[in-house]
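Undergrad: Below: one structure in structure tokens.
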Amino acid sequence: MAFKTPFVQLFHNKRHPREMGGKEIEEFLTHLAVEENVAASTQNQALSAVLFLYKEVLKQELDLRVDAVRAKRSRYVPTVLTREEILTIINHLSGVH
799 MAFKTPFVQL FHNKRHPREM GGKEIEEFLT HLAVEENVAA STQNQALSAV
849 LFLYKEVLKQ ELDLRVDAVR AKRSRYVPTV LTREEILTII NHLSGVH
């Protein structure tokens with residue numbers, strides 16, 4: 799579980815997750831957005847991992863409404879090659895293709 803380690807060991811001084819709750823989860827998610835500047839999808843994945851930890855591993859339900867600072871969605875538009883550019887690349891390949 800990718801986010802169990804930072805959540806438990808680094809962020810909350812190695813306290814057991816049973817000793818923590820919604821407040822600590824909100825602090826952790828806010829830390830990811832503000833201090834670590836993670837993408838929104840990474841923050842969402844962290845929330846899912848922590849919720850999985852509580853629900854499936856610890857068998858502990860959380861009455862949780864997360865009010866953490868949300869990471870900003872990327873406005874990055876990926877560069878995509880045109881059909882002609884792809885054909886040019888393919889035509890310059892050697893060997894079996």
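Going by this note's numbering, the sequence shown opens with residue 799, and the numbers climb by one from there. We put the CB at the ideal spot given by N, CA and C, even for glycine. From a predicted model like this one, the values you see are computed outputs, not experimental measurements.
Taking the straight line between their C-alpha atoms, what separation do you get for Glu-854 and Ala-847?
TA: Taking the first residue of the sequence shown as 1, we reach residue 854 at position 56. Taking the first residue of the sequence shown as 1, we reach residue 847 at position 49. Distance between the alpha carbons of Glu-854 and Ala-847 is about 10 angstroms.
Undergrad: Along the alpha helix (DSSP H) that carries Lys-853, what are the first and last residues, could you check?
TA: To locate residue 853, count along the sequence shown from 1; it is residue 55. For Lys-853, no alpha helix (DSSP H) encloses it, and the DSSP letter there is neither H nor E.
Undergrad: Can you tell me whether Pro-846 is helix, strand or coil according to DSSP?
TA: To locate residue 846, count along the sequence shown from 1; it is residue 48. Rather than Pro, the amino acid found at residue 846 in this sequence is Ser. Three-state DSSP puts Ser-846 in a helix.
Undergrad: Give the secondary structure of Lys-812 by DSSP, where H, G and I count as helix, E and B as strand, and everything else as coil.
TA: As a working note, residue 812 is residue 14 in the sequence shown. Three-state result, Lys-812: coil.
Undergrad: Throw me the rounded Cβ distance for the Leu-830 and Val-836 pair, which I believe falls under 8 angstroms.
TA: To locate residue 830, count along the sequence shown from 1; it is residue 32. To locate residue 836, count along the sequence shown from 1; it is residue 38. That belief holds up - the Cβ atoms of Leu-830 and Val-836 are roughly 5 angstroms apart, short of 8 angstroms.
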